[in-house]
Each structure stands twice: as structure tokens, then as C-alpha cells.
Amino acid sequence: IPRNGSKGGILSQAEREFLKNQHITLSPTVRENAYIQKFYLYLNLTKPSNYLYLSYSRTSAEGKALRPSYLTGTLKKLFPSLRVGKAEENHLSGYLTTPEASMEFFLKGLRDTSDQKISGGTCTPEWGELYSWYLSHKDFRDRVQAYIKAAFPRDAESHIGAAAAAKLYGPQPVQSVTRLEQYAACAFAHFLTYGLRLKRREEYELLSMDLGNMFHSAMEHYSKKLSDLGIEFTDVPEEQRKKLVAECIDEVTTDYGNSILSSSARNQYLVNRLTRITDRTVWALQNQLKKGSFKPVSYEISFSRADNLRALTIPVKNGEEMRLKGRIDRLDLYEDEKHVYVKIIDYKSGSASFDFSSVYYGLQLQLFVYLDAAMELNGRRNPGKLVIPAGIFYYNIKDPVVDITERAEDVLVEKELLDKLRMNGLVNSSEEVIRLMDREFEKKSEVLPVSYNKDGTLSKQSSAVSADQFAQVMTYVRESMGRMGSEMLEGNIAILPYEKGDHTACEFCDYSAVCGFDETQPSFHYRRLKDFGREEFLRRIGEGKEEEHGDSMDGGTEEGN
Numbered sequence: 000i001p002r003n004g005s006k007g008g009i010l011s012q013a014e015r016e017f018l019k020n021q022h023i024t025l026s027p028t029v030r031e032n033a034y035i036q037k038f039y040l041y042l043n044l045t046k047p048s049n050y051l052y053l054s055y056s057r058t059s060a061e062g063k064a065l066r067p068s069y070l071t072g073t074l075k076k077l078f079p080s081l082r083v084g085k086a087e088e089n090h091l092s093g094y095l096t097t098p099e100a101s102m103e104f105f106l107k108g109l110r111d112t113s114d115q116k117i118s119g120g121t122c123t124p125e126w127g128e129l130y131s132w133y134l135s136h137k138d139f140r141d142r143v144q145a146y147i148k149a150a151f152p153r154d155a156e157s158h159i160g161a162a163a164a165a166k167l168y169g170p171q172p173v174q175s176v177t178r179l180e181q182y183a184a185c186a187f188a189h190f191l192t193y194g195l196r197l198k199r200r201e202e203y204e205l206l207s208m209d210l211g212n213m214f215h216s217a218m219e220h221y222s223k224k225l226s227d228l229g230i231e232f233t234d235v236p237e238e239q240r241k242k243l244v245a246e247c248i249d250e251v252t253t254d255y256g257n258s259i260l261s262s263s264a265r266n267q268y269l270v271n272r273l274t275r276i277t278d279r280t281v282w283a284l285q286n287q288l289k290k291g292s293f294k295p296v297s298y299e300i301s302f303s304r305a306d307n308l309r310a311l312t313i314p315v316k317n318g319e320e321m322r323l324k325g326r327i328d329r330l331d332l333y334e335d336e337k338h339v340y341v342k343i344i345d346y347k348s349g350s351a352s353f354d355f356s357s358v359y360y361g362l363q364l365q366l367f368v369y370l371d372a373a374m375e376l377n378g379r380r381n382p383g384k385l386v387i388p389a390g391i392f393y394y395n396i397k398d399p400v401v402d403i404t405e406r407a408e409d410v411l412v413e414k415e416l417l418d419k420l421r422m423n424g425l426v427n428s429s430e431e432v433i434r435l436m437d438r439e440f441e442k443k444s445e446v447l448p449v450s451y452n453k454d455g456t457l458s459k460q461s462s463a464v465s466a467d468q469f470a471q472v473m474t475y476v477r478e479s480m481g482r483m484g485s486e487m488l489e490g491n492i493a494i495l496p497y498e499k500g501d502h503t504a505c506e507f508c509d510y511s512a513v514c515g516f517d518e519t520q521p522s523f524h525y526r527r528l529k530d531f532g533r534e535e536f537l538r539r540i541g542e543g544k545e546e547e548h549g550d551s552m553d554g555g556t557e558e559g560n
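The sequence shown begins at 0 in the working numbering and counts up by one.
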């Protein structure tokens, strides 16, 4: 319905109300449709008189891991005592007809049967009889034995040997920190990626990873433009900021992926969204920097063997060394006459959040490695000054929605946005260091993951440790990487993915069809890792509790498993 000379399109809420009062039937809005669907779900859930059974698939038809519907989480919150179980196969003797038709029943039985169960006679009588019949008939014997071999392809805790590992990785491999994190997640996935160098078949499509790569490139372009213009990050006017961001996005997206970005309206929308998010990010980072005294000094800093940094040289077995390489998204510094304060920021396109237990298990190493390297490098450049860790942070790339009233003042909107865009990570607990990063906050910082109690002390919710504890964690991270490097060079390729809370190493893995991991099979299991906070983390690394580590890549599982 055209209005006031416009080209028509989406009706405002006021217009919809007007037409509704004129008894004109309108199609439901997206929000109304969502609530209608929830209402239908509610009706179905309340129909049963005695029992309600809910089920969901753990894997897709392609064998990829699937996450439960949001409804599962909602019900578990409503009924905390609910426990998710595994549905049993319904083995019906009706499957047993002709030899060919009965093969379906036999193959289904393999999903819940191991070699030990077959030989021990613990399978169902029907299945056992069928298996014996196939083995006794030469027309089916070889075929069935091949199926059995395929169902139990390998020992889940296996090695390729040190000699083979040296051939694949080299005697002194140059590792990225991301590579070590993948090894901590699953040694077999690391072997397939970096040993056999398997890759997904490239498809002509735009993935979320591509958007993350383009965002990093756009931020790098933006910083270079400011450097060429001689403008500080915090001094860019809004109009010029928007112009520079648009130029950067245009440079980054031109010919990206063989012009895939112009191949569809959807991809063009993603480019517009990327522009909006990048501009929002620059705006947020500007405001965060204005509240403190730190200044960005470097972007996309690469470390390599040529830097010859102790922080990137990790001792492994037999006196050998593993060299690390990596790239810091942003390095901020503050200097006075006696000190250099170092702050590291990593841009994340997902929902990454700092977690002490993930550091302990080797799943989050990057920030500490980069902080260690940056401190060593700045110590060389400033030999007369004390280098102090200020903090390590993730900045999550997002364009948040703010729930406000129509008459809310702009300053309140900005305050709410900054709160949602606050970085997460770990901060030096020194009052002086905190004030250097946010001199304005009183109770809860809009910049840092810290807040104060009424008595002026840091709250328990604050993610902060002392400078000495930072050093202790960096030492622990070095030792963890040395241990993983030694296991890697000894040829460990165990199929032992981690499970931590609602997440597993298999969640976004490309190799599920290769490894054949299936938790329903006795030969496979997850390393179940516990979640814990700062105090437990510091206690564990202080005591060196290897027996509780749960991630010895030779197959141990966390206590209580």
C-alpha cells in the first residue's frame, strides 16, 4: 500500500493497527508467526494424558553432529530433573524374511553391537542367529565379515609412531597456536588436517568463516588508512569513519571468492551487513579507547621463527624444540617513565568467551601466547622499563539489538550498545592498571569484564588476576604446549574428542565421515571435561594436578566420568 509518495513495502505498526480496525485481514508478522508456532508447540505438548515422549537426532543424514532443538533446553529448564536418554532400537523378528531383506536388520544390529558382544553372545537371539546363518553360507560370509570390519574400523586410542610423525610434521615443526588448540580438542582431527592434509571440497558459497576473514581484512585496511592519514583511532569524526569503513569493505570484497559476493541478493545483503557491523565495531572500539589511556600501536602483527622469541620456542621431547607462529589482531600499549603496559585484543566472529577451564585443557591458548610474545618483544625495545600485562580480550563481532523505549535518549542507547559490545577476557587486578583502561567506571565497567563491590573491592564475577598470576598462567600454557608437542611427535592420533558442557570437538568437525566416531559404540567415548572458575583453575595449575587433567591424549577421562 503506497503511502505519502513512498514506493510501498513494509507497513508500520500504526498502519497495521489502522487497517485492522477497518476489519481488513492482514498476514501475520514474523514475530506473530513465531508466537503462533510456539502456541502450536504448547498445544501438542499439553495433549498427552500420561506420558510425553520427545526425541531428536544426534546426527544428520550426512553423519554430521546435530544440536538439540531449543525446545529441549527450555524443557530442561522447566524440569531440571529431566535427563536425556538414548532411544533403543526396536528389533522386530518381522525383519527376518529372505536373506537379502534380513540384511537391513543385521546392519541395524551392528550399530549397537561390538566385537566383544558378538563373541560373548550378549546380542539379541534373533540377531545372533542371523549372524551365525550368514557366516555359515559362503554366498554371504565375505560380505558380512566386511560389514563387521567396517563397523569396528580401528582402535580409538592409536599411534602412528614417532618415525611416521617426524616424516609428516618434521623433527622441529613450526606450529600455529590454533593447531595446538585443535590437537587439544581431538588428536585424530589434527592428524587428518596437518598430517594427511585433508581438506573439504571447496564449494561456491559464502560461509560465516568468510565473513570473519573479510572483517579482519577490513579492520587491517582501516588501521592502515588511519596510519597513512596520521589520524589517531579515537579522533576520527563519524562522517569520515563511515566513509573509510565503506572504502575498506569495498576493497576487501572486490573479487573476493571469484566475485561470489555479487552472485546473489543474499550475498549482497551480507556485504551490507558486514559494512554495518564493521562500522559498529569501529565506533565501539573508539568509545572504549576514549575511556582509558591505552593506544593501539599495531594491528595484525605476525610472529615467526625470525623473531627468535623465547615465548614462541617450546621445548619438547629429547631436547628438541617446537617453534610457534601466529598473528595478533591488535596490540595496545601505555607507557610511562618506568613501565610498559601491554594489552592484547583478538577479534572473534563467533561467540567466543574467555574460560579458565578451556585454558587448563589447552582449548584456549592463543591470547596467553601472544601476550607472552608481545611482552618479550616490548621488553627488548624498552630495556630500562618493567613490562606489565594489562589484559587479554576477545571482541565479539556482532551488531546487537537494544531493547529500549521509543523516546529513549541517544546517550542511553549508546550506553546500552557499549554494554552489549563490552569485551570479555582477563584483566590485571591492579587498581592502577584497571583505571588505565577505564578511568570512568564506578560500579560496573562498560569496557572491561570487571565490577566493584560496595566496599570498593573487585567482585567475584570480575575476570581478573594479579600480574604474578598472569606469569604463572603463561608458564603453565608453555608447559601444556610442550606436553602436547611431545605427544604429537610421538605419533599420537587418538580418536578422543572432548565434551565440555553442551559443546564437543565433533560439533563443527569436517571429518566425522572419516573417523566414524559413534558414542553408541563401546570403542568410542568422549573426554568429558569439567567446567570450573578462577579459584579452581589457579589451584590446579599451582599444584600441578596432572591426575585431574583429563586431557592426556592417551585416553584418560575427567574424574567422575
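Virtual Cβ for every residue (Gly too), placed ideally from N, Cα, C. Here the structure is a predicted model, which is why all the values come from computation and not from measurement.
Quiz prompt | Whole-angstrom distance between Leu51 and Cys505, CA atom to CA atom | solution = The count along the sequence shown starts at 1 and reaches residue 505 at position 506. The count along the sequence shown starts at 1 and reaches residue 51 at position 52. When rounded, the separation of the alpha-carbon atoms in Cys505 and Leu51 is 30 Å.
Practice problem: Could you check the C-alpha separation between Ser59 and Arg66 for me, to the nearest Å? | Solution: Along the sequence shown, read from residue 1 onward, the residue named residue 59 stands at position 60. Along the sequence shown, read from residue 1 onward, the residue named residue 66 stands at position 67. When rounded, the distance between both Cα atoms is 10 Å.
Practice problem: Taking Val513 as the reference, give the member of His189, Leu77 and Ser54 with the closest Cα. | Solution: Counting from one through the sequence shown, the residue named residue 513 turns up at place 514. The residue with the shortest Cα to Cα distance from Val513 is His189.
Quiz item: Is Arg196 buried or exposed, if buried means 16 or more other CB atoms sit within 10 Å of its CB?
Solution: The residue you call residue 196 lines up with position 197 of the sequence shown. Arg196 comes out exposed.
Quiz item: Shortest alpha-carbon distance to Pro496 belongs to which of Ser54, Ser522, Met480 and Asp454?
Solution: To locate residue 496, count along the sequence shown from 1; it is residue 497. Nearest C-alpha to Pro496: Ser522.
Quiz prompt | Status (buried if at least 16 other CB within 10 Å, exposed otherwise) for Ile35 | solution = In the sequence shown, residue 35 corresponds to position 36, counting from 1. So Ile35 ends up on the exposed side.
Quiz item: Roughly how far, in whole angstroms, is the beta-carbon of Val449 from the beta-carbon of Ser462, given that I think they are within contact range, below 8 Å?
Solution: As a working note, residue 449 is residue 450 in the sequence shown. As a working note, residue 462 is residue 463 in the sequence shown. Correct: roughly 7 Å between the Cβ atoms.
Quiz item: Count the other CB atoms within 10 Å of the CB of Lys76; is the residue buried (16 or more) or exposed (fewer)?
Solution: Counting from one through the sequence shown, the residue named residue 76 turns up at place 77. Flag for Lys76 reads exposed.
Exercise. State the Cα-Cα distance for the pair Ile433 and Asn427, rounded to the nearest angstrom.
Key: One-based indexing of the sequence shown puts residue 433 at position 434. One-based indexing of the sequence shown puts residue 427 at position 428. Distance between the alpha carbons of Ile433 and Asn427 is about 7 Å.
Practice problem: Would you check if there are 3 or more beta carbon pairs closer than 8 Å linking the stretch 156-168 to the stretch 482-491? | Solution: Cβ pair count under 8 Å is three or more, so yes.
Quiz item: Can you name the start and end residues of the beta strand (DSSP E) that Arg326 belongs to?
Solution: Locating residue 326 in the sequence shown gives position 327, where the first residue counts as 1. From DSSP, the beta strand (DSSP E) with Arg326 extends over Glu320 to Glu334.
Quiz prompt | Contact check, Tyr340 vs Leu332, beta carbons under 9 Å | solution = Residue 340 sits at position 341 when you count from the first residue of the sequence shown. Residue 332 sits at position 333 when you count from the first residue of the sequence shown. Yes.
Exercise. Note down, in chain order, each residue of its chain lying with its Cβ closer than 6 Å to the Cβ of Lys499, except the 5 sequence neighbours on either side.
Key: Position 500 of the sequence shown, counted from the start, is the residue given in the question as residue 499. Spatial neighbours of Lys499 in its own chain (CB-CB distance under 6 Å, excluding positions within 5 residues in sequence) are listed in chain order as Leu528.
Quiz item: For the 8 Å Cβ check, are there 3 or more pairs between the stretch 473-484 and the stretch 357-373?
Solution: At 8 Å Cβ cutoff, the stretches touch.
Quiz item: So what's Ile494 in DSSP terms, helix, strand or just coil?
Solution: Position 495 of the sequence shown, counted from the first residue, corresponds to residue 494. Here Ile494 carries a coil assignment [DSSP, helix/strand/coil].
Quiz item: In terms of DSSP beta bridges, what is Gly390 paired with?
Solution: Counting from 1 along the sequence shown, the entry for residue 390 is found at position 391. Gly390 is bridged to Lys342 and Val426.
Quiz item: Expressed to the nearest angstrom, what Euclidean distance is found between the alpha-carbon atoms of Gln363 and Lys241?
Solution: One-based indexing of the sequence shown puts residue 363 at position 364. One-based indexing of the sequence shown puts residue 241 at position 242. Each residue's CA atom was taken as its position, placing Gln363 and Lys241 some 34 Å apart.
Quiz item: DSSP on Lys397, reduced to helix/strand/coil?
Solution: Against the sequence shown, residue 397 aligns to sequence position 398. Coil.
Quiz prompt | As assigned by DSSP and simplified to three states, the class of Ile300 | solution = If you number the sequence shown from 1, residue 300 lands on position 301. Secondary structure at Ile300: strand, using DSSP grouped into helix, strand and coil.
Quiz item: To which residues of the same chain is Arg438 closer than 8 Å at the C-beta, ignoring the five residues directly before and after it?
Solution: On the sequence shown, position 439 is the one that residue 438 refers to. Cβ neighbours of Arg438 beyond the five flanking positions: Lys290, Gly291 and Ser292.
Quiz prompt | Runs of beta strand (DSSP E) lying entirely within the stretch 445-524, each at least 3 residues, in chain order | solution = Taking 3 residues as the minimum length, the beta strand (DSSP E) runs contained wholly in the stretch 445-524 are 497-499, in order along the chain.
Self-check item: Bridge partners - Ile313, DSSP secondary structure assignment
Solution: Numbered from its first residue, the sequence shown carries residue 313 at position 314. In the DSSP output, where bridge partners are listed per residue, Ile313 has Met321.
Exercise. Please say whether Val251 and His220 have beta carbons closer to each other than 9 Å?
Key: Within the sequence shown, the letter at position 221 stands for residue 220. Within the sequence shown, the letter at position 252 stands for residue 251. Contact check for His220 against Val251 passes: the beta carbons are separated by less than 9 Å.
Quiz prompt | Member of Asn381, Ala470, Asn317 and Leu457 whose CA lies at the smallest distance from the CA of Ile391 | solution = The residue you call residue 391 lines up with position 392 of the sequence shown. Comparing Cα-Cα distances from Ile391 to each of Asn381, Ala470, Asn317 and Leu457, the minimum goes to Ala470.
Self-check item: Beta-carbon spacing of Ala389, Lys342 below 9 Å
Solution: Numbered from its first residue, the sequence shown carries residue 389 at position 390. Numbered from its first residue, the sequence shown carries residue 342 at position 343. Judged by their CB atoms, Ala389 and Lys342 are nearer to each other than the 9 Å cut-off.
Exercise. Report the rounded CA-to-CA distance for Asp345 versus Ser511, giving the unit in angstroms.
Key: Numbered from 1 along the sequence shown, position 346 holds the residue referred to as residue 345. Numbered from 1 along the sequence shown, position 512 holds the residue referred to as residue 511. Approximately 29 Å, taken between the alpha carbons.
Quiz item: How is the alpha helix (DSSP H) around Cys247 delimited, first residue to last?
Solution: One-based indexing of the sequence shown puts residue 247 at position 248. Segment Glu237 to Thr252, the alpha helix (DSSP H) holding Cys247.
Exercise. In the DSSP assignment, find the alpha helix (DSSP H) that holds Gly378 and state where it starts and stops.
Key: Mapped onto the sequence shown, residue 378 falls at position 379. Gly378: member of the alpha helix (DSSP H) spanning Gln365 to Arg380, first to last residue.
Quiz item: Leaving out five residues before and five after Gln287 in sequence, what residues of the same chain have Cβ atoms less than 6 Å from its Cβ?
Solution: Within the sequence shown, the letter at position 288 stands for residue 287. The answer, listed in chain order, is Val446.
Quiz item: DSSP state of His158, grouped into three classes?
Solution: As a working mapping, residue 158 is identified with position 159 in the sequence shown. His158 sits in a strand when the DSSP states are folded into three classes.
Exercise. Kindly give me the distance between the Cβ atoms of Pro399 and Lys419, rounded to whole angstroms, as I take these residues to be in contact under 8 Å.
Key: For the purposes of this step, residue 399 is identified with residue 400 of the sequence shown, where counting begins at 1. For the purposes of this step, residue 419 is identified with residue 420 of the sequence shown, where counting begins at 1. Confirmed, Cβ separation roughly 4 Å.
Quiz item: Where Leu311 and Thr277 are concerned, what is the direct C-alpha to C-alpha distance, given to the nearest angstrom?
Solution: In the sequence shown, counting from the first residue as 1, residue 311 sits at position 312. In the sequence shown, counting from the first residue as 1, residue 277 sits at position 278. Going from the Cα of Leu311 to the Cα of Thr277 covers about 31 Å.
Self-check item: Environment of Val29 [buried if 16+ CB atoms lie within 10 Å]
Solution: Stepping through the sequence shown from its first residue, residue 29 is reached at position 30. Under the 10 Å beta carbon count, Val29 is surrounded by fewer than 16 other beta carbons and is classified as exposed.
Self-check item: Where Lys443 sits in the DSSP three-state scheme
Solution: Within the sequence shown, numbered from 1, the residue matching residue 443 stands at position 444. Looking at Lys443 - three-state DSSP - the assignment turns out to be strand.
Quiz item: Which same chain residues, not among the five before or five after Cys247, have their C-beta less than 6 Å away from its C-beta?
Solution: Here residue 247 refers to the residue found at position 248 when the sequence shown is read from its first residue. Only residues of its own chain outside the window of five on either side were considered, and among them Ala217, His220 and Tyr221 have a CB closer than 6 Å to the CB of Cys247, listed in chain order.
Quiz item: Does DSSP put Leu25 in a helix, a strand or coil?
Solution: Position 26 of the sequence shown, counted from the start, is the residue given in the question as residue 25. Assignment of Leu25 by DSSP, reduced to helix, strand and coil, places it in the coil class.
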